[in-house]
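Sequence lines, in order, name chains W and H. For the first sequence, the working numbering begins at 4 and goes up steadily by one. For the second sequence, the working numbering begins at 4 and goes up steadily by one. Yeah, the Cβ is synthetic: ideal placement off N, Cα and C, and Gly gets one too.
Protein chains: 2
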Amino acid sequence: MKKKVTIKQIARELDVSVSTVSKALRDSKEISAETREKVQAFARLLNYRPNNIAISLKNRKTRNIGVIIPEIVHHFFTTVISGIEREANKAGYNVIVCLSDESFDKEVINMETLANGSIDGFILSLSKETQSRKDFHHLLEAVDQGMPLVMFDRVSDEIPGDKVVIDDVEGAGHAVNYLLDSGCERIALLTTVDYVSVGKLRTEGYIRALQAAGKAVSDALIVKIEDIDNCEQQIAELFDAEKFDAVFAVNELFAVTAMKVAQRRGLKIPEDISFMGFTDGMLSQYAFPTLTTVDQHGLEMGEKAAQLLIRRLENDDLDDESFVTEIISTSIKERESTRTFS
Amino acid sequence: MKKKVTIKQIARELDVSVSTVSKALRDSKEISAETREKVQAFARLLNYRPNNIAISLKNRKTRNIGVIIPEIVHHFFTTVISGIEREANKAGYNVIVCLSDESFDKEVINMETLANGSIDGFILSLSKETQSRKDFHHLLEAVDQGMPLVMFDRVSDEIPGDKVVIDDVEGAGHAVNYLLDSGCERIALLTTVDYVSVGKLRTEGYIRALQAAGKAVSDALIVKIEDIDNCEQQIAELFDAEKFDAVFAVNELFAVTAMKVAQRRGLKIPEDISFMGFTDGMLSQYAFPTLTTVDQHGLEMGEKAAQLLIRRLENDDLDDESFVTEIISTSIKERESTRTFS
Chain W
4 MKKKVTIKQI
14 ARELDVSVST
24 VSKALRDSKE
34 ISAETREKVQ
44 AFARLLNYRP
54 NNIAISLKNR
64 KTRNIGVIIP
74 EIVHHFFTTV
84 ISGIEREANK
94 AGYNVIVCLS
104 DESFDKEVIN
114 METLANGSID
124 GFILSLSKET
134 QSRKDFHHLL
144 EAVDQGMPLV
154 MFDRVSDEIP
164 GDKVVIDDVE
174 GAGHAVNYLL
184 DSGCERIALL
194 TTVDYVSVGK
204 LRTEGYIRAL
214 QAAGKAVSDA
224 LIVKIEDIDN
234 CEQQIAELFD
244 AEKFDAVFAV
254 NELFAVTAMK
264 VAQRRGLKIP
274 EDISFMGFTD
284 GMLSQYAFPT
294 LTTVDQHGLE
304 MGEKAAQLLI
314 RRLENDDLDD
324 ESFVTEIIST
334 SIKERESTRT
344 FS
Chain H
4 MKKKVTIKQI
14 ARELDVSVST
24 VSKALRDSKE
34 ISAETREKVQ
44 AFARLLNYRP
54 NNIAISLKNR
64 KTRNIGVIIP
74 EIVHHFFTTV
84 ISGIEREANK
94 AGYNVIVCLS
104 DESFDKEVIN
114 METLANGSID
124 GFILSLSKET
134 QSRKDFHHLL
144 EAVDQGMPLV
154 MFDRVSDEIP
164 GDKVVIDDVE
174 GAGHAVNYLL
184 DSGCERIALL
194 TTVDYVSVGK
204 LRTEGYIRAL
214 QAAGKAVSDA
224 LIVKIEDIDN
234 CEQQIAELFD
244 AEKFDAVFAV
254 NELFAVTAMK
264 VAQRRGLKIP
274 EDISFMGFTD
284 GMLSQYAFPT
294 LTTVDQHGLE
304 MGEKAAQLLI
314 RRLENDDLDD
324 ESFVTEIIST
334 SIKERESTRT
344 FS
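Structure (structure tokens):
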């Protein structure tokens, strides 16, 4: 039986990266002429059939929507999928999910898998590595060929298309103001490394809200966590080094871990210290005490992304000027980890 | 642009079920001749193209593996996906995921979506509704046409194929013995309704282990939870009605919820009451106290399922007699919610 050749196999055989093969096949000037020729000759030899999105789009409607998400560990992405499913199913579309695993290469491979005639359009949230590299050639090509693409949460202005985001700066600001209003004085921040766009924006919101309230911003109270496995350790070090009466975390995993660190030290929540997370997921709901959190409304985000994509799929005449960026508002979900106030 | 017609649309137009359309198109004798004719005539009118798995299999290898899982709320399924991804990627395959949402109709529609030339083979865990109906015609047809199918966790003997399961009876028995060995006397069971195969088997394991230890089995201590939203209420009622010093739950969601109910009543874990879950997921790891649990080794289960599927994809000459059922052994992951003993 004849096997289909993939970009990954070509990359492995020639000992170059997936990205190099992907760009060389598209004759990108970023790749040296020599490498381009080598890759293209090898691809011809193997009868590699590049995606031809335009042809597949003309020939049929699959009624399938492809979704590429970075991971399914964070509950946020699973709620977005539920929202997409709900809206897509209502309109008679099915949903196919691929995971990029936060890897640029896997994102490129996922595009190859799905754009090969399996789907009518995409919904995607960028992988960390794609954000850090700022290499969007695989997405730009799909868009160029007329494949509709809606991005959510982790988006880039360099890619034309409909987008669904929350106002991360504002959401983080609300969280900080809520903690201040409940009487907290020193708020520590648990955030991600800077190249993750949402972490950076939430950090900005935290800083701005403190400044607006006339509070000092202390670098010592800001912990940037890169490796989730090392998260408890880093948080414990913060508790050793600093005094504070509130913790704001840019995701629920960091928040719940921080609550555990505090409880192990005999601190009472929320009497001694308050906790606020971001994303209303399973961990927040099932934590003890339950976690007050900035609700990103992932379900609504998924529904909106699906609506935007379906609108484009069912109206061939929509042009690029009709691209919209929908901003979903956040709200604070009050639970047991923060003090009540009137 | 010509739109593809789907089973769901035909069902909606004719006001019959997805299952009826699916069976009528396959000329199943379960459907009346009149309905079969009506459905088939309508499908012809709309130019419905039924799946022809055999043809798509002969023509190409996609190097894609389709995975259909009931839901992504339980961390178990997400770890299985990680295992499948890991093993598939290693062998040069990509993974496409669809969710059945515990619905029979969506499972049928997912099969239609994926089997239409997008994938080389399937990995699947049955939806609750499919288990309760015992209607497997959509899967049997795929198998008949030569589409390799590997089932995991929620499987059925009525479907020929490779299977990966854990010994749920044994796993539950280990959990009960562990609790007894640590000095617990009366163990309550939080389980699912009987038609969910794994819940039923784990209940059986609980009963057998108690009997083997010469302990009484009390129906009053066994709570069958159907609706997850009502779970906390049902557990609170158990605490009101009965006295016990340990809780064994067939999933981590029930276990973590039960811990919360106990903590709200001022009970100390594990001094006053011990808790044991099933599945080693995020909730178990991040709970406070952390939850002792029966580790199902979801990652290993996913890896094994992918290996079995790839073995079949790459060896065309394997016959039905080579079908295997792999049993993954469980182990107890000791954490803070149970008493230590030597």
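Indicate the three-state DSSP secondary structure (helix, strand or coil) for residue i in the structure shown.
{"i": "Asp323/W", "result": "helix"}
{"i": "Ile58/H", "result": "Residue confidence is low: Ile58/H scores 49 on pLDDT, short of 50, so the model does not pin down where it sits. No coordinate-derived value is stated."}
{"i": "Glu329/W", "result": "strand"}
{"i": "Leu142/W", "result": "helix"}
{"i": "Ala191/W", "result": "strand"}
{"i": "Ser22/H", "result": "helix"}
{"i": "Arg15/H", "result": "helix"}
{"i": "Lys109/W", "result": "helix"}
{"i": "Phe45/W", "result": "helix"}
{"i": "Asn67/W", "result": "strand"}
{"i": "Gln50/W", "result": "For the sequence presented, residue 50/W should be read as Asn rather than Gln. Here Asn50/W sits in coil by DSSP."}
{"i": "Ile313/W", "result": "helix"}
{"i": "Gly8/H", "result": "According to the sequence as given, residue 8/H is Val; it is not Gly. Val8/H falls in the coil class under three-state DSSP."}
{"i": "Val98/W", "result": "strand"}
{"i": "Leu127/W", "result": "strand"}
{"i": "Ile34/W", "result": "coil"}
{"i": "Ile84/H", "result": "helix"}
{"i": "Ser340/W", "result": "coil"}
{"i": "Ser103/H", "result": "coil"}
{"i": "Ser135/H", "result": "helix"}
{"i": "Ser334/H", "result": "strand"}
Do you know whose CA, among the options, lies nearest residue i's CA?
{"i": "Leu192/W", "options": "Ala252/W, Gln310/W, Ala215/W and Leu129/W", "result": "Ala252/W"}
{"i": "Phe79/W", "options": "Glu329/W, Asp156/W, Ala219/W and Gly176/W", "result": "Asp156/W"}
{"i": "Asp319/W", "options": "Gly124/W, Glu115/W, Arg268/W and Ala244/W", "result": "Gly124/W"}
{"i": "Val8/H", "options": "Arg211/W, Arg66/W and Ala309/W", "result": "Arg66/W"}
{"i": "Val179/H", "options": "Asn119/H, Ile99/H, Ala216/H and Glu317/H", "result": "Ala216/H"}
{"i": "Glu346/H", "options": "Ile87/W, Lys109/W and Thr82/W", "result": "Past the edges of chain H, shown from 4 to 345, lies residue 346/H, and the structure says nothing about it."}
{"i": "Thr195/H", "options": "Ala94/H, Phe278/H, Cys234/H and Cys187/H", "result": "Cys234/H"}
{"i": "Pro273/W", "options": "Arg314/W, Phe326/W and Glu339/W", "result": "Glu339/W"}
{"i": "Thr282/W", "options": "Lys271/W, Thr295/W, Leu270/W and Phe291/W", "result": "Thr295/W"}
{"i": "Leu224/W", "options": "Gly69/W, Tyr209/W, Asp232/W and Ile231/W", "result": "Tyr209/W"}
{"i": "Asn92/W", "options": "Thr333/H, Asp184/H, Ile10/H and His300/H", "result": "Ile10/H"}
{"i": "Glu105/W", "options": "Thr116/W, Leu316/W and Thr133/W", "result": "Thr133/W"}
{"i": "Val100/W", "options": "Glu115/W, Phe107/W, Ile84/W and Val111/W", "result": "Ile84/W"}
{"i": "Ser22/H", "options": "Gly86/H, Lys137/H and Ala44/H", "result": "Lys137/H"}
{"i": "Asp197/W", "options": "Leu182/W, Ser135/W, Gly120/W and Phe139/W", "result": "Ser135/W"}
{"i": "Asn50/W", "options": "Val19/W, Gln12/W and Asp232/W", "result": "Gln12/W"}
{"i": "Ser185/H", "options": "Val250/H, Val220/H, Ser35/H and Tyr289/H", "result": "Val250/H"}
Determine the contact status of residue i and residue j, defining contact as a CB-CB distance below 7 angstroms.
{"i": "Asn113/W", "j": "Ile162/W", "result": "no"}
{"i": "Asp170/W", "j": "Leu311/W", "result": "no"}
{"i": "Ile238/H", "j": "Val264/H", "result": "yes"}
{"i": "Lys26/W", "j": "Glu33/W", "result": "yes"}
{"i": "Ala258/W", "j": "Gly280/W", "result": "yes"}
{"i": "Cys187/W", "j": "Asp243/W", "result": "no"}
{"i": "Ala309/W", "j": "Val167/W", "result": "no"}
{"i": "Thr206/W", "j": "Ser277/W", "result": "no"}
{"i": "Ile313/H", "j": "Ala46/H", "result": "no"}
Checklist entry - If you scan the segment 230-306 of chain W from start to end, which runs of the beta strand (DSSP E) of 3 or more residues do you find wholly inside it? => result 249-252, 277-281 and 295-298
Checklist entry - Quick one: complete beta strand (DSSP E) runs, 3+ long, within the segment 141-229 of chain W? => result 152-155, 165-169, 190-195 and 225-228
Item to check | Contact list for the segment 185-203 of chain W against chain H, Cβ threshold 7 angstroms | outcome: none
Next on the checklist: Residues of the segment 286-302 of chain W in Cβ contact with chain H at a cutoff of 7 angstroms, in chain order, please.
Outcome noted: Leu286, Tyr289 and Phe291
Checklist entry - According to a CB-to-CB cut-off of less than 8 angstroms, which residues of the segment 63-94 of chain W neighbour chain H? => result Arg63, Lys64, Thr65, Arg66, Asn67, Ile75, Val76, Thr81, Ile84, Glu88 and Asn92
Checklist entry - Using Cβ-Cβ distances below 9 angstroms, what residues of the segment 104-116 of chain H are close to chain W? => result Asp104, Lys109, Ile112, Asn113, Glu115 and Thr116
Checklist entry - In the segment 134-163 of chain W, which residues sit with their C-beta less than 8 angstroms from some C-beta in chain H, listed in chain order? => result none
Next on the checklist: Against chain W, which members of the segment 234-246 of chain H pass a CB distance test of less than 7 angstroms?
Outcome noted: none
Next on the checklist: Closer than 7 angstroms between beta carbons: that is the criterion. Which residues of the segment 115-129 of chain H meet it against chain W?
Outcome noted: Thr116 and Ser121
Checklist entry - If contact means a Cβ-Cβ distance below 7 angstroms, which residues of the segment 8-25 of chain H contact chain W? => result Thr9, Lys11 and Gln12
Checklist entry - Which residues, in order along the segment 256-279 of chain W, keep a beta-carbon less than 8 angstroms from a beta-carbon of chain H? => result Leu256, Val259, Thr260, Met262, Lys263 and Gln266
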